[in-house]
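Here the protein sequences come in this chain order: Y and S.
Just remember that my numbering sits 9 ahead of the position in the first sequence, which is counted from 1.
Just remember that my numbering sits 9 ahead of the position in the second sequence, which is counted from 1.
From the three backbone atoms N, C-alpha and C, an ideal C-beta is built for every residue, glycine too.
Number of protein chains: 2
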Amino acid sequence: MIVRFSGEIGIKGEWTRRAHERLLLKNIKNTLTHYRVDYTEIVAKRGRIYIEADNVERLASRLPTIFGISSISPAKHTTSHIEEIAQTSIEMTSKETKNGSSFAVRCHRVGTHSYSSMDICRKTGEEILTKLRGKHLHVDLTDPQFTVNVEVRDADAYVFTQTIRCAGGFPVDSQRKVVCLLSGGIDSPVACWLAMKRGCPIVPVYFDNTPITDEATTAKAIETAKKLFEWSIGYSRRMYIIPHGQNLEIFAQKGPPKLTCILCKRMMYRIAERIATAEGAEGIVTGEAIGEQASQTIVNLRVLNEASKDYPIHRPLLGFDKIETEAIAKKIGTFEISTKKAKGCTAAPKQPATQAKLDVVKKAEDSLPIETMVETSVQAAKIMTL
Amino acid sequence: MIVRFSGEIGIKGEWTRRAHERLLLKNIKNTLTHYRVDYTEIVAKRGRIYIEADNVERLASRLPTIFGISSISPAKHTTSHIEEIAQTSIEMTSKETKNGSSFAVRCHRVGTHSYSSMDICRKTGEEILTKLRGKHLHVDLTDPQFTVNVEVRDADAYVFTQTIRCAGGFPVDSQRKVVCLLSGGIDSPVACWLAMKRGCPIVPVYFDNTPITDEATTAKAIETAKKLFEWSIGYSRRMYIIPHGQNLEIFAQKGPPKLTCILCKRMMYRIAERIATAEGAEGIVTGEAIGEQASQTIVNLRVLNEASKDYPIHRPLLGFDKIETEAIAKKIGTFEISTKKAKGCTAAPKQPATQAKLDVVKKAEDSLPIETMVETSVQAAKIMTL
Numbered sequence: 010m011i012v013r014f015s016g017e018i019g020i021k022g023e024w025t026r027r028a029h030e031r032l033l034l035k036n037i038k039n040t041l042t043h044y045r046v047d048y049t050e051i052v053a054k055r056g057r058i059y060i061e062a063d064n065v066e067r068l069a070s071r072l073p074t075i076f077g078i079s080s081i082s083p084a085k086h087t088t089s090h091i092e093e094i095a096q097t098s099i100e101m102t103s104k105e106t107k108n109g110s111s112f113a114v115r116c117h118r119v120g121t122h123s124y125s126s127m128d129i130c131r132k133t134g135e136e137i138l139t140k141l142r143g144k145h146l147h148v149d150l151t152d153p154q155f156t157v158n159v160e161v162r163d164a165d166a167y168v169f170t171q172t173i174r175c176a177g178g179f180p181v182d183s184q185r186k187v188v189c190l191l192s193g194g195i196d197s198p199v200a201c202w203l204a205m206k207r208g209c210p211i212v213p214v215y216f217d218n219t220p221i222t223d224e225a226t227t228a229k230a231i232e233t234a235k236k237l238f239e240w241s242i243g244y245s246r247r248m249y250i251i252p253h254g255q256n257l258e259i260f261a262q263k264g265p266p267k268l269t270c271i272l273c274k275r276m277m278y279r280i281a282e283r284i285a286t287a288e289g290a291e292g293i294v295t296g297e298a299i300g301e302q303a304s305q306t307i308v309n310l311r312v313l314n315e316a317s318k319d320y321p322i323h324r325p326l327l328g329f330d331k332i333e334t335e336a337i338a339k340k341i342g343t344f345e346i347s348t349k350k351a352k353g354c355t356a357a358p359k360q361p362a363t364q365a366k367l368d369v370v371k372k373a374e375d376s377l378p379i380e381t382m383v384e385t386s387v388q389a390a391k392i393m394t395l
Numbered sequence: 010m011i012v013r014f015s016g017e018i019g020i021k022g023e024w025t026r027r028a029h030e031r032l033l034l035k036n037i038k039n040t041l042t043h044y045r046v047d048y049t050e051i052v053a054k055r056g057r058i059y060i061e062a063d064n065v066e067r068l069a070s071r072l073p074t075i076f077g078i079s080s081i082s083p084a085k086h087t088t089s090h091i092e093e094i095a096q097t098s099i100e101m102t103s104k105e106t107k108n109g110s111s112f113a114v115r116c117h118r119v120g121t122h123s124y125s126s127m128d129i130c131r132k133t134g135e136e137i138l139t140k141l142r143g144k145h146l147h148v149d150l151t152d153p154q155f156t157v158n159v160e161v162r163d164a165d166a167y168v169f170t171q172t173i174r175c176a177g178g179f180p181v182d183s184q185r186k187v188v189c190l191l192s193g194g195i196d197s198p199v200a201c202w203l204a205m206k207r208g209c210p211i212v213p214v215y216f217d218n219t220p221i222t223d224e225a226t227t228a229k230a231i232e233t234a235k236k237l238f239e240w241s242i243g244y245s246r247r248m249y250i251i252p253h254g255q256n257l258e259i260f261a262q263k264g265p266p267k268l269t270c271i272l273c274k275r276m277m278y279r280i281a282e283r284i285a286t287a288e289g290a291e292g293i294v295t296g297e298a299i300g301e302q303a304s305q306t307i308v309n310l311r312v313l314n315e316a317s318k319d320y321p322i323h324r325p326l327l328g329f330d331k332i333e334t335e336a337i338a339k340k341i342g343t344f345e346i347s348t349k350k351a352k353g354c355t356a357a358p359k360q361p362a363t364q365a366k367l368d369v370v371k372k373a374e375d376s377l378p379i380e381t382m383v384e385t386s387v388q389a390a391k392i393m394t395l
């Protein structure tokens, strides 16, 4: 299997690039061990990773959830002898093409050889036409139905016909940990995933609003976290469940009705800050997008931010339309979980403030035992390892 | 012209939805007036906007840069009489299809009529086949090469054959203003554009690092801002140019070399805060993505954030791979400008800190006249109206 690094890794300075490559190698090994996928060899060389395995399909099924890989190609390994390359190409073409197909041979060569890349293409193409005469193939260099790719690297050669796009990004753990607010909804898992994609291991924090919401919502959040952890095999699988229903009830009963969601979110940020400190995390990730909900207007995001004193609030979905978020959720398998039936939050007011004023919010908080509420919630946190 | 609202507008509550629709109508009118595109009528009804114009191509060329529109369809307006619908459909099909094409008629109907949607499809399909016999068309309902769409709305009907995808998002000015750090690079214009897409008018701020960078970089930033303003016709076209070269020189000479970029960025945030206050903006948008540069590790983003006291730092590109950012830049026309030749910043150290410590950064700042530098820069700001 040929494994290609994300393009962005290749343009880093020497030191950073090597660190990323080593980390990706480690993450791949951990993932394959976790899923008990056998391989005989795995090496990083010449800006690629090569994995030798008998069951290449099983291997291909586990690599696409590893960040830092741009694409993979199941390949046959052979020597750089031109006859062997041609022979391997014929075998793969014979197995994989339909009769009457058009095809092309492409070659990329690194090292010193007695032939040029063009020689490989010509020789292999001719041999395929001759030896597989019965298949009635024909050459089409501009838009072939089938492509034989040959990569020659010094004494080795790899022949492949298929390139599978992977998730890109940076290897998980190339960045420090972040705490993520994870609800049972569609958006927050996508925000988590984007932070992971850029290299951050995540610590999901779920705010359990029972009895205002139900157990089904909690179950959805846990299932979503499990799904997300499939993208960071080998790293923390801890999730925090914070009992938050009582806090929310206090806000709904004692706060100005327009501000319930703002007060609730600010409390979440404060609790998340405490968890970030406990976990040694460097930021808090949320699924907010500008204007997606009343609490997420640009004015309200500023009011929310003010509650977080020591950690940045990272919002990878800021500029996403709902439809774009949903497309990613479907791709990564969280959409199905997030859209399962559950009782939504019923504490949200009919007319929420879209332009909350910070002084009014602070005044409302002044009459509530905010610090005690934070402390009680943090103390009651349930930490699960999924 | 049929103009369709972004899907997200449709799912808002009644009051918000109407406000968005009114705003979009206003933005469309402003844009068409700005470009002197004539139209005879523009109305919002039944969840759509309809524009009557003679030169529909000119109209079609100006609508795709207006946020809040999901798609448009140049259409013929006729009555809901089934004969007139069929006649209009025949005329359009005659003009627009190639001989031998497959086609289908689709119908969507609102109101009370003497016929069903199915009747329209059947009747129109039959008439097309009969009257355009010479074109040798045939019906294919699953994968037609050409589709005649009929929308019947009470006494009106619209026939169209083409749907052009637009940018989506929310109408500009549905959110409050944001200040955007705009460099001559590829990323920041995309971040600005995403903020605009979600409804925020932008105030770009460019930090002029001459003599460390050159005039060409400034020219690129101005050209990029002009390009971005094409997406917010009718709103502020102000741009701030801040002389920053002297600040950067001080950091490069007097600060710890590892921290030059961190000190420079923190200064930018401080100045941006002052401009945000002057402009009545609600946040600061930057083009940072996790791990994209040494100054953008998750640890360094936290250190940067600490410099901004009163405004959130919004980073719409947090989770984007470079390749994804570039794809948007190409789509919106800023890539070409951003990749023009210019002298890059030469003050960046060879070994920048990737895990800066806040106390070290603060200590470095303590020995510099930070407040004076902010004040001098703000005072020297050049405000341009583009």
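So who's on the other strand from residue i, going by DSSP bridges?
i	result
PRO213 (chain S)	S:CYS189
THR88 (chain S)	S:ASP165
GLU160 (chain S)	S:HIS117, S:TYR167
ASP204 (chain S)	It is Ala, not Asp, that sits at residue 204 (chain S) in the sequence shown. None, per the DSSP bridge assignment.
LYS372 (chain Y)	Answer is none; LYS372 (chain Y) lacks a bridge partner.
SER80 (chain Y)	Y:ARG13, Y:ARG174
GLU50 (chain Y)	Y:GLU61
HIS147 (chain S)	S:SER111
PHE155 (chain S)	S:PHE112
Can you tell me whether residue i is helix, strand or coil according to DSSP?
i	result
ALA287 (chain S)	helix
ALA176 (chain Y)	strand
ILE11 (chain Y)	strand
PHE329 (chain S)	coil
CYS183 (chain Y)	It should be pointed out that residue 183 (chain Y) corresponds to Ser in this sequence rather than to Cys. It is coil, neither helix nor strand.
PRO73 (chain S)	helix
PRO198 (chain S)	helix
GLN96 (chain Y)	helix
GLY353 (chain Y)	coil
ALA338 (chain Y)	helix
ILE18 (chain Y)	helix
LYS366 (chain Y)	coil
SER103 (chain Y)	helix
Establish whether the CB of residue i and some CB of chain A are separated by less than 8 Å.
i	result
ASP330 (chain Y)	In the displayed structure, chain A is absent; the protein chains listed are Y and S.
At what residues does the beta strand (DSSP E) containing residue i begin and finish?
i	result
ILE251 (chain S)	247-252
ILE392 (chain Y)	391-394
State the start and end residues of the unbroken alpha helix (DSSP H) segment that holds residue i.
i	result
ILE60 (chain Y)	First-last for ILE60 (chain Y): 57-61, but that is the beta strand (DSSP E), not the alpha helix (DSSP H).
LYS38 (chain S)	23-43
LYS235 (chain S)	224-238
ARG4 (chain S)	No answer is possible for residue 4 (chain S): it lies beyond the span of chain S, which begins at 10 and ends at 395.
THR381 (chain S)	379-388
ILE346 (chain S)	344-347
Report yes if the CB atom of residue i is closer than 8 Å to the CB atom of residue j, and no otherwise.
i	j	result
THR295 (chain Y)	SER197 (chain Y)	yes
ALA113 (chain S)	ASP149 (chain S)	yes
THR348 (chain Y)	ILE195 (chain Y)	yes
ILE51 (chain Y)	LYS38 (chain Y)	yes
HIS117 (chain Y)	SER89 (chain Y)	no
ALA200 (chain Y)	PRO325 (chain Y)	yes
CYS175 (chain Y)	SER79 (chain Y)	yes
PHE344 (chain S)	GLU333 (chain S)	no
ALA69 (chain S)	ILE11 (chain S)	no
ILE280 (chain S)	ILE251 (chain S)	yes
Contained alpha helix (DSSP H) runs [length at least 4] in the segment 254-322 of chain Y, N- to C-terminal order: Taking only runs of at least 4 residues, the alpha helix (DSSP H) segments lying wholly in the segment 254-322 of chain Y are 254-263, 269-288, 307-314.
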